[in-house]
Each structure stands twice: as structure tokens, then as C-alpha cells.
Amino acid sequence: MLTRVEDLLQEVEAFNSSNPDEIEQFRIKLLGKKGDIKAIMAEFRNVPVEQKKEFGQKINILRNAAQDKINELKLAAAETSSTNHGLDLTMSGQPYELGARHPLSVVRNEIISIFNRIGFSVSEGPEIEDDWHNFTALNFPEEHPARDMQDTFFIDPEIALRTHTSSVQVRVMENSTPPIRTISPGRVFRNEAISARAHCIFHQVEGLYIDKNVSFADLKQTLLYFAKEMFGDKTKIRLRPSYFPFTEPSAEVDVSCQICNGKGCNVCKHTGFLEIMGCGMVDPNVLESCGIDSSIYSGFAFGMGIERIAMLKYQVNDLRHFFENDLRFLKQFKTAY
Ligand code: DAH
Numbered sequence: 105m106l107t108r109v110e111d112l113l114q115e116v117e118a119f120n121s122s123n124p125d126e127i128e129q130f131r132i133k134l135l136g137k138k139g140d141i142k143a144i145m146a147e148f149r150n151v152p153v154e155q156k157k158e159f160g161q162k163i164n165i166l167r168n169a170a171q172d173k174i175n176e177l178k179l180a181a182a183e184t185s186s187t188n189h190g191l192d193l194t195m196s197g198q199p200y201e202l203g204a205r206h207p208l209s210v211v212r213n214e215i216i217s218i219f220n221r222i223g224f225s226v227s228e229g230p231e232i233e234d235d236w237h238n239f240t241a242l243n244f245p246e247e248h249p250a251r252d253m254q255d256t257f258f259i260d261p262e263i264a265l266r267t268h269t270s271s272v273q274v275r276v277m278e279n280s281t282p283p284i285r286t287i288s289p290g291r292v293f294r295n296e297a298i299s300a301r302a303h304c305i306f307h308q309v310e311g312l313y314i315d316k317n318v319s320f321a322d323l324k325q326t327l328l329y330f331a332k333e334m335f336g337d338k339t340k341i342r343l344r345p346s347y348f349p350f351t352e353p354s355a356e357v358d359v360s361c362q363i364c365n366g367k368g369c370n371v372c373k374h375t376g377f378l379e380i381m382g383c384g385m386v387d388p389n390v391l392e393s394c395g396i397d398s399s400i401y402s403g404f405a406f407g408m409g410i411e412r413i414a415m416l417k418y419q420v421n422d423l424r425h426f427f428e429n430d431l432r433f434l435k436q437f438k439t440a441y
């Protein structure tokens, strides 16, 4: 019996092959269920007691030697195999770095979600817009400076890149009947010099609510809800009278400064407040231009810049960061949704 083990050990030592099939055959012959080692083990009970220990050790040595040899040959065969060009296919891969949403997408999604929760739908319109939807229907007088080449990118005298998402409210009003409750996020274009505070491309969200008996109090409460959801429960808002052609009365909306909590600091220029959007009651002329009877319906509208909200929320001090796609900047928003 012992010599049989010795013989097999020699056989293991002598065996050499780079052919995976041959190696596998050899493994089955030695280590398989009906293999040589199993056969010898079956004889173990016939070995005299005093030899059992030595016999057991020899079998262990044989089994380990066979397994080591097979592993070694398999590895060598895999390395020289022409199909994997010497690559170790069992090696674990390099993990992919996960991307992050762009901060403007994060803020846009958050604005959408805040308004979705109080029943606002999302609507979109074209970025290349005609004069009617961008200006005329919104009550812009012929001589209004926004119609000037210096502010607007014209494609021809009647067609321009939209200068605001207010154009979408015209399209929504033309194509639906009140009640209307919608927000319109999108890209807008203005012929402005690029600086830390301005860009020729930026993003806005327009809001529109039209129904019977909509009042300025409804507008104020909606904006307070938005400000608290976006900037935190302690946030206050302040409305200052303003002018927009498409709303009457109009107001500018400020939120209490996030940095100093309204006490006054450099960021809010010691006023305790920061401007976030324009708003107002939709001018009856606009309702009529869009086919809505202003003697039955009233409504409010508001418009905000997404960059502006993102700058306040994340304390970004230069608008250009949003467009440069520097990974060191973008990576900071990995945990945002
Ligand atoms: N369209 C304005 C702008 O681009 C923003 C705005 C102000 C929108 C007041 C409104 C509004 O709907 O009521 O500056």
C-alpha cells in the first residue's frame, strides 16, 4: 500500500502539461470521486493499526501535492493561453467611479418636487421662440428695452432664443383651460457679458396658477411654503413692489439670508435679505391675449433663476462654476439627489 502511495507521488511529480484538458483528466484520475486517492482511502481500514498514522500522513502529502501541482499547471496554462492573452481573468475588476448629478439638476429637481407636492405639474416649451410668446403676449410694449438686440439673441426679426421661461406660461394658457397650476423649468439666453454674476445662458423656473378667485395672499403663501421647503423652516420672505410688463401688481421676493440668519452680513450687504425671484398677479391683458376670460379668472406667476437658488443654497460665489464642469467642483454634489 505504501509503495502505491509512493508511486503516485512520483507520478504527480513527473506530470507536466500545458493542455487544460490533459490537466483536468489528470485531476479526475487522481482527485476525482472514483480517482486513485479515493481508492487508496477505501483501503485505509485494512491497514494495520501501527501503520495507520504513517499511512494517513503519506496520503495527505500525496493529496496536497496533487492539488498544488494541478493548481500550478492550470495557472501556467491560463497565462500562456492564446484566448486570454496572458491576462488573469480571475482578477477582480477596477471599480467604476460613480458620477454625480450636476448641482443645477439637483436644484431643479428639488424645485420641481417642492411644487409637485402642492399640485403643480411640469410643462416645457421651445428654446427658440417667436416674438409673440416671448414678448407680445406678455404685454411687452414695442419700445421695451428687453426687445433690443443688445439683450436678446435674435435669429431673425420675429424669432429669438427665449429670454425667459415666461414664454411657456403663454403656451400653457393658450392650450389649456383653467384651473392651471404648472411650473416650467428650462434654459434661457441673454446677450450679456459673462461674469461672476451673469451668463449668456442660464436656467429659470416659471410658475403659473390660474383659477377663479386667486389672490395675492395665495401667491404669498405659496412662495413662503417654497422658501421654507428650499432653505429651511426658519426662512422668512419679504416682498418688495416692482414692475414686470406681464404682472400687475408685481413684486420682487427676498429670502432671509442663510449665512447670517437675517442679522446682516457681507453676502446680504447687511440687509439680512437676498433677492430670489420676481412675481405678481398675471396682468388681465396677458390672460386675454392667451384666450382666458379675465372677468372670470385671475392668477399669479413667478419666475426664478436656478443658478441663483443654487448659489444661495450651496454658497457658491461665482456663477461660472456651474458651466466650467471642473470635477473638483462637481464632485462636491455627490450626495445630493
Ligand atoms: N420673466 C422674469 C425674468 O426673466 C421673471 C419673472 C418675474 C417671471 C415675474 C414671472 C413674474 O412670472 O411674475 O426676469
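Letter by letter, the sequence shown follows residues 105 to 441 of this note's numbering. Cβ atoms here follow ideal geometry from the backbone N, Cα and C, with glycine treated the same way. Owing to the predicted nature of the structure, the values given are computational and were not obtained by experimental measurement.
My output table needs one value for Met-195: the three-state DSSP class, helix, strand or coil. Indexing the sequence shown from 1 puts residue 195 at position 91. For Met-195, the three-state secondary structure derived from DSSP is coil.
Could you tell me which of Phe-148, Gly-311, Gly-197, Ala-169 sits nearest to Phe-159, measuring between CA atoms? Here residue 159 is taken as the residue at index 55 of the sequence shown, counted from 1. Looking at the Cα atoms, Phe-148 is the closest of the given residues.
Heavy atom of the ligand DAH less than 7 Å from the Cβ of Thr-403, yes or no? For the purposes of this step, residue 403 is taken as residue 299 along the sequence shown, with counting starting at 1. Note that residue 403 is Gly in the sequence shown, not Thr. Not so, every heavy atom of the ligand DAH lies at least 7 Å from the Cβ.
Buried or exposed (CB count within 10 angstroms, at least 16 for buried), Arg-301: The count along the sequence shown starts at 1 and reaches residue 301 at position 197. Around the beta-carbon of Arg-301, fewer than 16 other beta-carbon atoms lie within 10 Å, marking it exposed.
Specify the secondary structure class of Gly-366 as computed by DSSP and reduced to three states. Position 262 of the sequence shown, counted from the start, is the residue given in the question as residue 366. Coil at Gly-366, not helix or strand.
Check whether the segment 264-284 touches the segment 381-401, taking contact to mean three or more Cβ pairs, one atom from each stretch, closer than 8 Å. A contact exists between the segment 264-284 and the segment 381-401.
Go through its chain and collect everything with a Cβ distance to Ala-355's Cβ below 8 Å, but skip five positions before and after it. Here residue 355 corresponds to residue number 251 of the sequence shown, with the count starting at 1. Within the same chain, Ala-355 has close Cβ partners Leu-343, Arg-344, Pro-345, Ser-346, Gly-382, Cys-383, Gly-384.
Within its chain, find whatever has a CB closer than 6 Å to the CB of Lys-332; leave out the 5 residues flanking it on each side and keep chain order. For the purposes of this step, residue 332 is taken as residue 228 along the sequence shown, with counting starting at 1. Here the set comprises Thr-339.
What distance in whole Å lies between the Cβ atoms of Leu-242 and Pro-349, which are believed to be in contact at a cut-off of 8 Å? For the purposes of this step, residue 349 is identified with residue 245 of the sequence shown, where counting begins at 1. For the purposes of this step, residue 242 is identified with residue 138 of the sequence shown, where counting begins at 1. Sure, about 6 Å apart at Cβ, within 8 Å.
Tell me the rounded alpha-carbon separation between Val-386 and Gly-197. Translated into the one-based positions of the sequence shown, residue 386 becomes position 282. Translated into the one-based positions of the sequence shown, residue 197 becomes position 93. If you take the alpha carbons of Val-386 and Gly-197, they lie about 58 Å apart.
Identify the residues that DSSP records as bridge partners of Met-145: which are they? What you label residue 145 is simply residue 41 of the sequence shown in a count that begins at 1. DSSP output for Met-145 lists no bridge partner at all.
Can you look up Gln-308 in the DSSP assignment and give me helix, strand or coil? As a first step, residue 308 must be located in the sequence shown, where it is residue number 204. DSSP places Gln-308 in strand when its eight states are reduced to three.
May I have the straight-line CA-CA distance separating Gly-368 from Phe-377, to the nearest angstrom? Walking along the sequence shown from the start, residue 368 turns up at place 264. Walking along the sequence shown from the start, residue 377 turns up at place 273. About 8 Å.
Quick one: Cα of Ser-209 to Cα of Glu-183, how far? As a working mapping, residue 209 is identified with position 105 in the sequence shown. As a working mapping, residue 183 is identified with position 79 in the sequence shown. The straight-line gap from Cα to Cα measures roughly 47 Å.
The ligand DAH heavy atom lying under 7 Å from the CB of Gly-382: As a working mapping, residue 382 is identified with position 278 in the sequence shown. Gly-382: yes, Cβ under 7 Å from the ligand DAH.
Tell me whether Ile-380 sits in a helix, a strand or coil according to DSSP, three-state version. As a first step, residue 380 is located in the sequence shown; it is residue number 276 there, counting from the start. Ile-380: strand per DSSP, three-state reduction.
CB-CB length for Phe-306 against Glu-411, believed under 8 Å: Stepping through the sequence shown from its first residue, residue 306 is reached at position 202. Stepping through the sequence shown from its first residue, residue 411 is reached at position 307. The pair is a contact, with the Cβ atoms about 5 Å apart (cut-off 8 Å).
What residue from Phe-244, Pro-282, Ser-288 has the CA that sits closest to Gly-229's CA? The residue you call residue 229 lines up with position 125 of the sequence shown. Cα-wise, what sits closest to Gly-229 is Ser-288.
Over the uninterrupted alpha helix (DSSP H) stretch that includes Ala-414, give me the two end residues. Taking the first residue of the sequence shown as 1, we reach residue 414 at position 310. Going by DSSP, Ala-414 is part of the alpha helix (DSSP H) stretching over 410-418.
Would the segment 321-328 count as touching the segment 278-288 if we require 3 or more Cβ pairs under 8 Å? At 8 Å Cβ cutoff, the stretches do not touch.
Do Glu-310 and Gly-407 have their C-beta atoms closer together than 8 Å? By one-based count along the sequence shown, residue 310 stands at place 206. By one-based count along the sequence shown, residue 407 stands at place 303. Against a cut-off of 8 Å, the Cβ pair of Gly-407 and Glu-310 comes out as a contact.
Where Phe-130 and Met-145 are concerned, what is the direct C-alpha to C-alpha distance, given to the nearest angstrom? Within the sequence shown, numbered from 1, the residue matching residue 130 stands at position 26. Within the sequence shown, numbered from 1, the residue matching residue 145 stands at position 41. Phe-130 and Met-145: Cα-Cα distance of roughly 18 Å.
Local conformation of Glu-228 per DSSP, three classes: Locating residue 228 in the sequence shown gives position 124, counting from the first residue. Coil at Glu-228, not helix or strand.
Selected residue, minimal CA-CA separation from Asn-279, among Arg-291, Ser-227, Leu-328: The residue labelled residue 279 in the question sits at position 175 within the sequence shown. Residue Ser-227 is the option with its Cα nearest to Asn-279.
Would you say the beta carbon of Ser-225 is closer than 7 Å to some non-hydrogen atom of the ligand DAH? Counting from one through the sequence shown, the residue named residue 225 turns up at place 121. Not one heavy atom of the ligand DAH is found less than 7 Å from the C-beta of Ser-225.
Could you spell out where the beta strand (DSSP E) holding Ala-355 opens and where it closes? Translated into the one-based positions of the sequence shown, residue 355 becomes position 251. Unbroken beta strand (DSSP E) run through Ala-355: 351-360.
Give me the Cβ distance between Val-357 and Leu-312, rounded to the nearest whole Å; I'm assuming they're in contact under 8 Å. In the sequence shown, the residue the question calls residue 357 occupies position 253. In the sequence shown, the residue the question calls residue 312 occupies position 208. With a Cβ gap of about 15 Å, Val-357 and Leu-312 do not count as contacting.
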